[in-house]
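Heads up, the thing below is written out as structure tokens.
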Amino acid sequence: MAINTRGRKLAAGAVMGAAMALAAHGAQAQNLNMAVGAPVTSLDPHYHQLSPNNAAAGMIFDRLINTDGDARMQPGLAESWRAIEPNVWEFRLRRGVTFHNGNPFTAEDVAFTFQRVPNVPNSPSSFAAFVRPITNVEIVDSHTLRITTQNPSPLLPQDMTNIFILDRETHENATTEQFNSGQAAIGTGPFRVVSHTMGDRIEFARNDSYFGTRPAWATVNYRMITNGGARTAALLSGDVDFIDQVPTPDLARVRADRRLAVSEKVGLRLIFLGLDHLREDASPFITDNNGQPIARNPLRDLRVRQALSIAIDRPAIANRVMEGSATPSAQFLPPGVFSHIPNYAPPAPDAARARALLAEAGFPEGFRITLHGPNNRYPNDGRIVQAVGQMWTRIGVRTTVEAQPWTTFVGRAGRQEFSAFLIGWGSNPEGSHPVRNILATANRDRGWGASNRGRYSNPEVDRRLEAALVEIDDARREAILQEAQRIALDDVGIIPLHIQTNIWAMRNTLQHEARADELTRAQDVRPR
17 MAINTRGRKL AAGAVMGAAM ALAAHGAQAQ NLNMAVGAPV TSLDPHYHQL SPNNAAAGMI
77 FDRLINTDGD ARMQPGLAES WRAIEPNVWE FRLRRGVTFH NGNPFTAEDV AFTFQRVPNV
137 PNSPSSFAAF VRPITNVEIV DSHTLRITTQ NPSPLLPQDM TNIFILDRET HENATTEQFN
197 SGQAAIGTGP FRVVSHTMGD RIEFARNDSY FGTRPAWATV NYRMITNGGA RTAALLSGDV
257 DFIDQVPTPD LARVRADRRL AVSEKVGLRL IFLGLDHLRE DASPFITDNN GQPIARNPLR
317 DLRVRQALSI AIDRPAIANR VMEGSATPSA QFLPPGVFSH IPNYAPPAPD AARARALLAE
377 AGFPEGFRIT LHGPNNRYPN DGRIVQAVGQ MWTRIGVRTT VEAQPWTTFV GRAGRQEFSA
437 FLIGWGSNPE GSHPVRNILA TANRDRGWGA SNRGRYSNPE VDRRLEAALV EIDDARREAI
497 LQEAQRIALD DVGIIPLHIQ TNIWAMRNTL QHEARADELT RAQDVRPR
């Protein structure tokens, strides 16, 4: 993209060390101890599209446009935005904002950020799709931007809710490793990073210069406790004040404890199964019943994919495994959200029909497969893959289950190592988000398919996505996105299972704004 600069008055600011000491605030000191169920894998806000990373980034950095608990757009670093032409958006930026190191926030920082996003080395799930439509950024003045896109881009404001803004002066040559060390973890957000121990905890201190609502907490200890039972035990013992991803076996006990309070909201995360669409020949974890490789990948046959889908009893998983804290689904988005497909329900489980479909596909005796998944990322993820494995085995697809820690699993999934795997996707509240990232043909230049780990590809889906992204009329765009999703889902590009209910628990002296996007952030917790 081109950057057209009309000038900027650069203000010098002393760069503060990232390893600032936690200050004692005496009687006024307010500390929040939080425990989250998924590890933060990077503090680089443009490295990896993962909700735990986005949650931490949302405490350190800001976006042009923020979202509230219902995922509705709210002013952030941009006070206002408007389309002045079909393919030109003007953003007026908030004045008087400074980064944690004292540098002033200006339009040049936004332009720099847009250039950095698609060029982060080794990004396993890039944010590039959100800036690829941009062809020119005109800096009108220090706090006004005009963004030109190649075609009309009605979703540009929504896309801006995914991009955290960096300081050009500080971050021009910053590496992901420098973010992770804390050295470059400098934003405009409500908290500063004091220290970061990868996979264990982040210590924060309040940014008293924050332009928005002042956080209630002077310091925050943000711990990563991936074992659900240990997380609940930490809350019950008073070791922590607040947890997310309350384990479903502990829900009744937590609700009954008068010392505690619960916060919950139906979310935007679909738990689904990804399949190997990449390989035409042998898939790495599929064999015949004698353990010998199968020359052709069974998952490339629609009938096999349909059989695997209708073998699954989704209500049983939602009710028994998830203990009612999930809604069976055949699509990414819940009812009431833009581009939800009306009357598109999950298929009823039908083992007999599944076996018939396998026979039609040339596998009357089934085959063997390994189903991979994480065991510490989503509520009951290890139990879900076990349940699916049993259901597949009943139709003759003898399934071995291999669940592993999230950090190991997600790297392997990103390298397309698996034949079948369980994973989740938390969407923006409109259908282009999952279509661009999960269902579109992987294309680095376009930024499409960044999280398409099964490498599903369907030209009909891509054509409709392309049309939707330039459609100004909301009703027509919604219809196009519904059709794009329907084509991919009818083709069993993925196998949806259920949409999660997001559940948090805390001391009853606290209150929390539950979020549909499930992000767990200290600024959303306040004294009751």
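For what it's worth, our numbering labels the leading residue of the sequence shown as 17, then goes sequentially. Idealized CB from N, CA, C, for every residue including glycine. Source: prediction; values computed, not measured.
- In this structure, the straight-line span from the alpha carbon of Leu286 to that of Gly203 is close to 30 Å.
- For Trp408, the uninterrupted alpha helix (DSSP H) segment begins and ends at Asp397 to Arg410.
- With contacts defined as CB atoms closer than 9 Å, Arg460 and Ala144 qualify as a contacting pair.
- The Cβ atoms of Ile181 and Asp125 sit closer than 9 Å to each other.
- For Met338, there is no enclosing alpha helix (DSSP H), since its DSSP letter is neither H nor E.
- Shown here for His159: same chain residues with a beta carbon closer than 7 Å to its own, the five before and five after excluded, namely Arg108, Leu109, Arg111, Thr122 and Ala123 in chain order.
- For the pair Ser299 and Ile511, the CB atoms are not nearer than the 9 Å cut-off.
- If you check the CB distance, Arg414 and Leu294 do not come in under 9 Å.
- In chain order, His62 and Tyr63 place their CB closer than 6 Å to the CB of Val136, counting only its own chain and leaving out the 5 sequence neighbours on each side.
- Assigned with DSSP and collapsed to three states, Asn444 falls in coil, not helix or strand.
- Secondary structure at Asp175: helix, using DSSP grouped into helix, strand and coil.
- Shown here, Ser473 sits in coil according to DSSP, grouped into three states, outside any helix or strand.
- Looking from the CA of Ala71, the closest CA among Trp233, Arg544 and Ala532 belongs to Ala532.
- In the DSSP secondary-structure assignment, Trp520 is bridged to Asp260 and Ser279.
- By the neighbour-count criterion, in which 16 or more other beta carbons inside 10 Å mark a residue as buried, Glu534 falls on the buried side.
- In the three-state DSSP reduction, Leu387 falls in the strand class (E or B).
- The stretch 327-339 makes contact with the stretch 365-375, as at least three CB pairs between them are under 8 Å.
- In its chain, beyond the 5 residues on either side, Arg274, Arg275, Leu276, Ala277 and Arg544 have a beta carbon closer than 8 Å to the beta carbon of Asn524.
- The beta carbon of Gly92 sits closer than 6 Å to those of Asp78, Arg79, Leu80, Ile81 and Asn82, all from its chain and outside the five residues before and after it, given in chain order.
- In this structure, the straight-line span from the alpha carbon of Ile179 to that of Gly307 is close to 46 Å.
- Between the beta-carbon of Arg312 and that of Asp292 there is about 12 Å, and that puts the pair past the 8 Å contact cut.
- Pairwise C-beta distances place the stretch 442-450 out of contact with the stretch 403-411, as fewer than three of them are shorter than 8 Å.
- For Glu494, the CB contacts under 7 Å within the same chain, skipping 5 residues up- and downstream, are Phe354 and Ser355 in chain order.
- Apart from sequence neighbours up to five positions away, the residues of its chain that approach Phe130 with a beta-carbon distance below 7 Å are Met17, Val147, Ile150 and Val153, ordered along the chain.
- Following the DSSP letters along the chain, one finds Asp157 inside the beta strand (DSSP E) bounded by residues Ile150 to Asp157.
- By the CB criterion at 9 Å, Arg184 and Pro206 fall outside the cutoff.
- Around the beta-carbon of Gln199, 16 or more other beta-carbon atoms lie within 10 Å, marking it buried.
- Rounded to whole angstroms, the separation of the alpha carbons of Thr423 and Asn167 is 38 Å.
- Distances from the alpha-carbon of Asp224 to those of Val113, Asp490, Asp397 and Phe288 put Val113 closest.
- For Pro68, the enclosing alpha helix (DSSP H) covers residues Ser67 to Ile76.
- The distance from the Cβ of Asp257 to that of Leu526 is about 6 Å, consistent with a contact at the 8 Å cut-off.
- Ile515 carries a strand assignment under DSSP once its states are collapsed to helix, strand and coil.
- Taken atom to atom, the span from the alpha-carbon of Ser169 to that of Val236 is near 39 Å.
- For the pair Glu188 and Ile155, the Cα-to-Cα distance works out to about 18 Å.
- Here the alpha carbon of Leu505 sits roughly 49 Å from the alpha carbon of Gln46.
- Rounded to the nearest whole angstrom, the C-alpha separation of Asn335 and Arg492 is 36 Å.
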